[in-house]
Structures are given as C-alpha cells and as structure tokens.
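Heads up: the structure comes next, in structure tokens.
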Amino acid sequence: MTAPVSELADSLSPPRVAWRQTVFPVLVLSAVVWAVFGASLGNRLVFDDLDTIKNNTAITRLQNLPLVFSRKYFDSAGEYSYRPVVTLSYFLDHAIAGKSAWIYHAHNVLLHHLNVLLVFALFNLLYAPRAAAFAIALLFAIHPLHTEAVIFPGFREDLQMTLGMLALGCCLQADRRNKSPMWIAAASAAYAFALFAKEGALPAPLIWWLNDLLQTRRALMPLPLRRRYFSLLVVGMAYVIIRFAVMVNPAEKELGVIEQIPLAHRLATAPYLFAYYLRKFVWPYPLCIISEIEGLRDFGTAFQISLAAVAAFLAVWLIIGWRQPWLWPAGLWAGAAFAPVSNLYPIINLWAERFYYSVGVGTAAIAVAGAMEGWTILARRLAPPQRHSAAVTVWIVLIVAAWAAVLTDFVRVLECRTSLSLWRRTVRTVPTSGTALSTLAKYELDAGNYDRVEALTDAMQRHDPWVFRVHWILGENAFRQQKWSEAIGHFEKAVSVPTPAPGDEIPAAVGLIRSYLQLERRDLAKSVLEKLMRQYPKDVRLMELQRQIEPAGDDSLSSPTSAKFSGNF
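Once you know that position 203 of the sequence shown is 381 in this note's numbering, the rest is easy, because the numbers rise by one and skip nothing.
The following block contains the structure:
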C-alpha cells in the first residue's frame, strides 16, 4: 500500500541512513524556519503589537508581575481574556531587551520553530512514514496562512497554545509507547501551558481520547482512562473555574458580539467559515488583516456548497485514515482547533488568519496524506519508466510550490515591516474599507505625505459615511501644513458631528484650539477648552492645554511643526 510512496521519496535519492532520518530533517526544518521568518527580526511593532507591547507600561517593571495573578490584570495587560502565559512572555522579552522590537519577533520565530519540530516529532510518534512526517512539518512551517501569527508578537497566544497542544500530544503518544507517570505529568503541564496561553486549547484532550477509541478502544476501560486522562480533566476543570469564575474581564460582556447573532445564523456560518479556511489553505492569497466577509444568514446555496466542501474534507480524512491509522488524530485535531473559532463561540474577528495557525497542524497532515495517496493510486497505473518520469514531475511541482510559499511568506514579512507598509498593503487588498483607509491616512500623515492623505480622504468620503473621521484627518493634514483657516474649518466640522465613542472628539477639539491660537483667536480657543474641561475634567491633553494657555500665554504653546497627531481611528 505504501510502496509507490516510498518510490516517490527515494526515486531521486540514495538509500537512507539513520542520521538522515532524524538529525538531517531537524536541521533542514530549522534552517527553513529561520531563513523565511528570520527577516522579521528587522520589523517594528505594528498593528495589535502597539497596544499589547509598545504602549504597555505594565511590562516595563518586574514589580508589576503580581498584577498577572490579580483582577487588575485586565487594566494593565492589554488582553481581553486571561492569558498570563502570553503576558509573562512579554515581561521576559522586556527584561532582556526592553522595547526593542527584535526580541519580541525573535521570540515568536523561536516558538514557531519549536512548533515545527514538535509537529515532526508528533507524527513520528504516531508511526507516520518518515517522509510524511517531514513533509507535514515542512508544509506547516512555510504555509503562508500561518505567517500572521508568526510575524505579529501581539498574536503570540496562538503560537503558545499550539506549542502546549503539540507537547501534550507528544507526551501522550510517548506514554503509549512506554507507560510512565512522568509522561502523564508532563502532558498535564503542557495542557496547563496551552490553556493559560489561550482558551482555545480546552478541547485538546478530546483529540487523544477519541484517538484511543479509534486505535484500541481501551479508553473505555476505567483504569486506562483514569491513568491517562484524569489529571488532564483536573487541569481543565481548574482552568474553567479560574478563567470563567475568578479571572473574568468585566468588559467581556460588551465584546460578546456573536451572542447577539441568532443561533441559526451561527450554525449556517460555521461550515461556511471552514470552507473559507479550506479556500485560503489551497490558495492563501491575498493575506490581509482586514477582511470584508460577512457571515451567512440562511441555509441557502452558499451554505450547501460550504457543507459539501466540509463533507469532502471529512471523506478524504476518513478514507485515508481507514488505511493509515496515523492520520486519525489529524482530523480530530483540525476539528478541535477549529471549534473555538467556528462562530459558535463569542469571538470578535471571525476571519483572522492567525486563528487558523493551530488548525493548520491537522490540515497539513491530511493534505500530505491525500497527496501521498493520490500518488499511490497514480503510480499503480504506470509502468516503471513512466513512474520515474511522473516522480520527477511531481517533485518539480512540489519544489515550485514550496518556493512560491516561501516567497509569499518573505514578501509578507517585508510588507509588515512598518505600520505604513502594513496599511498600504491592506488598502490595496480592501480598497473600500473605511477603517483601512483612515488608518493608512494617519500613518501617511505621520510620514508627511500630505497629498496621499487627501487622496485617501477622498476615497473615504466615497466609501465611508463617517464625516467625523474624514474632517478630523483633513484638519490635521491642514494643521501640519500650517494652513490654519483650512484646519479650523475641518476641525469645526469634526467636532460638530457624532463620534465613534465618548472622548474621541478630544484630539479634533485640541487641534481646533491650537488652530485658533495660531490665528490669535484666544477667546474662541478658551471657550472650546472650557466646554471640554467641564465634560472631561481629568483628561491629560486638556489639562496640558490649560496650563499652556492660562499661565504662560502664547509663548509656551507647542509649535505647529512639533504637534503630534493623536487618537485612534
């Protein structure tokens, strides 16, 4: 059954020796990971990294470590849910190199490196063919769908959760080979690590319990069940109590947007989301941090097509798994890793590629097994000379695909080097997104590209009805060019319309006050400031303006060229 596969692997290579089965694959995988993602060490902190790391003052002092274990965690960590493993890793990075971006990127690449090696180890422990285990680890290492989690330190939780889940699987499989309490203890520790990195690891033990059922059916027996899974059950229950009873973020209820969607819509969207993932796995381009995709609202054609795609995926897994039992955990893994982001649970961004990082372990294994099975079927129908030619063709296709994946990863790393390059790439992908356009306008403004800012605001007015956002940006753009009257006109329009949230109007109002002062309209400036101070008496920006205006006069005002754009879009 596996002879043609072996011929494909060996047709262009001499017979294997022991070191090539272990050390050589590890060296190759390690070199590939760092060759592809090592370039990210030159990247800055961008996107969510700004909130979780760059602007996070809590990680700057080791005296703040106790906050990780108190309810004050949510006020200081920049996380919406309790993920102490992630926060502690930021403390470690800061202790080594402060806010230097390279250490946070290096930490992420190292986590990905460990995950790739654990994937290789896990499928070896599952008795997969060596060539298959290596191919699965290589595909997982370079697949472009996984780059978002690797190159953004602010998304480290997905890397750490996957690390713990893989270590859990390796320990349980090692225990199957050589039963030892040490393996069970290590599995429990790995499970706790994964859980406190991200709650999505909660169903991980089900993968291996169901695998035991499929492989030996001995998990139904009380003693093996208790010995292998009782400690994992205790860890899981303890986590549930801590996470959902003790360390609950008071703001979580405000973020539960999915709970407001009818259950029928969520059930319709779940297979649609998985089908979307399969499309991205097969054709992972373009990668974008903002995706203009909406969930399904009925069980119509889109749902039926998605359901067919999911059924086909399951069929491939079941058919090949029946012949190659090492593949059973792969499908179970894909299901367990996808469940927490299947739209059935309260999450915010359904379409973020980083959510699929862990799912990719199972999908990569099924993809490799499917390709090997396809080759087996093809090779049986070919004569030996034709089989050799076909093997050469297949290898060429695989090499080209691998290079395409590597180049895509490398380009993505470079596109995320700075906030400006990241948002330029995003706007090229979703040119009608108001969020992308306005955020790029902010970074173009910081770079002094005033013509680009005006072009972006023109596009915003066509696609985004948010008048406040447009005039705020145009006001700042005019202010930096010292066009005071024009700036006043835009700022006045900005503060006269509804804002996204209370307090968001403050930066625009501050710009208006400074513009008034530049034209010696002190009374108007004072009037606006007094009104804001009554509404926001403790705002630091307003208090600073008050000190500048009242005691010191115009001479103490910040110069227009040094004023910085503030606020979030």
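Virtual Cβ for every residue (Gly too), placed ideally from N, Cα, C.
Given the structure is predicted, the values throughout are model-derived calculations rather than measurements.
Own chain residues within Cβ distance below 6 Å of residue i, not counting five before or after
{"i": "phenylalanine 533", "result": "Val519"}
{"i": "tryptophan 505", "result": "Correcting the residue identity first, residue 505 is leucine in this sequence and not tryptophan. Taken in chain order, the residues that qualify are Ile498, Gly499, Ala547."}
{"i": "arginine 595", "result": "Asn221"}
{"i": "tryptophan 650", "result": "Ala672, Ala686"}
{"i": "alanine 299", "result": "Cys348"}
{"i": "tryptophan 495", "result": "Gly509, Ile544"}
Simplified DSSP state of residue i, which is helix, strand or coil
{"i": "isoleucine 419", "result": "helix"}
{"i": "leucine 223", "result": "coil"}
{"i": "leucine 560", "result": "coil"}
{"i": "isoleucine 467", "result": "coil"}
{"i": "valine 608", "result": "coil"}
{"i": "isoleucine 439", "result": "coil"}
{"i": "arginine 239", "result": "coil"}
{"i": "alanine 131", "result": "It is not possible to answer for residue 131, since the shown part of the chain is limited to 179 through 747."}
{"i": "serine 358", "result": "coil"}
{"i": "phenylalanine 588", "result": "helix"}
{"i": "serine 267", "result": "helix"}
{"i": "proline 193", "result": "A caution first: proline 193 carries a pLDDT of 42, below 50, which makes its placement in the model too unreliable to give a value."}
{"i": "valine 460", "result": "helix"}
{"i": "lysine 376", "result": "coil"}
{"i": "serine 536", "result": "coil"}
{"i": "glycine 276", "result": "coil"}
{"i": "leucine 205", "result": "helix"}
{"i": "glycine 681", "result": "coil"}
Environment of residue i [buried if 16+ CB atoms lie within 10 Å]
{"i": "histidine 283", "result": "buried"}
{"i": "leucine 401", "result": "Any reading at leucine 401 needs caution, since the residue's pLDDT is 49, under 50, leaving its predicted position unreliable; the model's value is listed next. The residue in question, leucine 401, is exposed, as its Cβ has fewer than 16 Cβ neighbours within 10 Å."}
{"i": "arginine 658", "result": "buried"}
{"i": "proline 428", "result": "exposed"}
{"i": "aspartate 636", "result": "exposed"}
{"i": "threonine 235", "result": "exposed"}
{"i": "serine 616", "result": "buried"}
{"i": "glycine 276", "result": "exposed"}
{"i": "isoleucine 237", "result": "buried"}
{"i": "leucine 186", "result": "The predicted model places leucine 186 with a pLDDT of 45, which falls under 50 and marks its position as unreliable; any figure quoted below should be read in that light. Buried, since its Cβ has 16 or more Cβ neighbours within 10 Å."}
{"i": "leucine 391", "result": "exposed"}
{"i": "glycine 612", "result": "buried"}
{"i": "tyrosine 258", "result": "exposed"}
{"i": "threonine 265", "result": "buried"}
Close beta carbons around residue i, own chain, < 7 Å, minus the five adjacent residues each side
{"i": "asparagine 293", "result": "Leu337, Thr340, Leu341, Leu344"}
{"i": "leucine 723", "result": "Val688, Ile691, Leu707"}
{"i": "leucine 465", "result": "Pro322, Thr325, Glu326, Glu531, Arg590"}
Residue i and residue j closer than 7 Å at C-beta
{"i": "proline 322", "j": "threonine 586", "result": "yes"}
{"i": "alanine 512", "j": "proline 381", "result": "no"}
{"i": "alanine 367", "j": "tryptophan 361", "result": "no"}
{"i": "phenylalanine 215", "j": "valine 287", "result": "yes"}
{"i": "leucine 720", "j": "methionine 711", "result": "yes"}
{"i": "threonine 610", "j": "histidine 566", "result": "no"}
{"i": "histidine 668", "j": "glycine 653", "result": "yes"}
{"i": "leucine 623", "j": "leucine 634", "result": "no"}
Run of the alpha helix (DSSP H) containing residue i, from where it starts to where it stops
{"i": "aspartate 390", "result": "382 to 393"}
{"i": "cysteine 348", "result": "334 to 355"}
{"i": "methionine 711", "result": "700 to 713"}
{"i": "methionine 721", "result": "718 to 725"}
{"i": "alanine 672", "result": "662 to 673"}
{"i": "glutamine 696", "result": "684 to 696"}
{"i": "phenylalanine 477", "result": "It is not in any alpha helix (DSSP H) - phenylalanine 477 carries neither H nor E in the DSSP assignment."}
{"i": "alanine 515", "result": "506 to 516"}
{"i": "serine 254", "result": "251 to 254"}
{"i": "arginine 640", "result": "628 to 641"}
{"i": "glycine 653", "result": "645 to 658"}
{"i": "histidine 290", "result": "279 to 303"}
{"i": "phenylalanine 318", "result": "308 to 320"}
{"i": "alanine 530", "result": "Counting along the chain, alanine 530 falls outside any alpha helix (DSSP H), and DSSP gives it neither H nor E."}
{"i": "glutamate 257", "result": "Neither: glutamate 257 is in no alpha helix (DSSP H) and is coded neither H nor E."}
Cβ neighbours of residue i in the same chain (closer than 8 Å, five flanking residues each side left out)
{"i": "tyrosine 450", "result": "Gly473, Leu474, Ala480, Phe481, Ser484"}
{"i": "phenylalanine 318", "result": "Asn293, Val294, Val297, His324, Gly538, Val539, Ala542"}
{"i": "phenylalanine 588", "result": "Val214, Ala217"}
Interface flag, residue i vs chain C, CB-CB below 7 Å
{"i": "valine 204", "result": "In summary, chain C is missing from the structure at hand, where a single protein chain is found."}
Closer than 6 Å: residue i CB and nearest the ligand GTP heavy atom
{"i": "leucine 707", "result": "As for the ligand GTP, it is missing from this structure, which has no ligand bound."}
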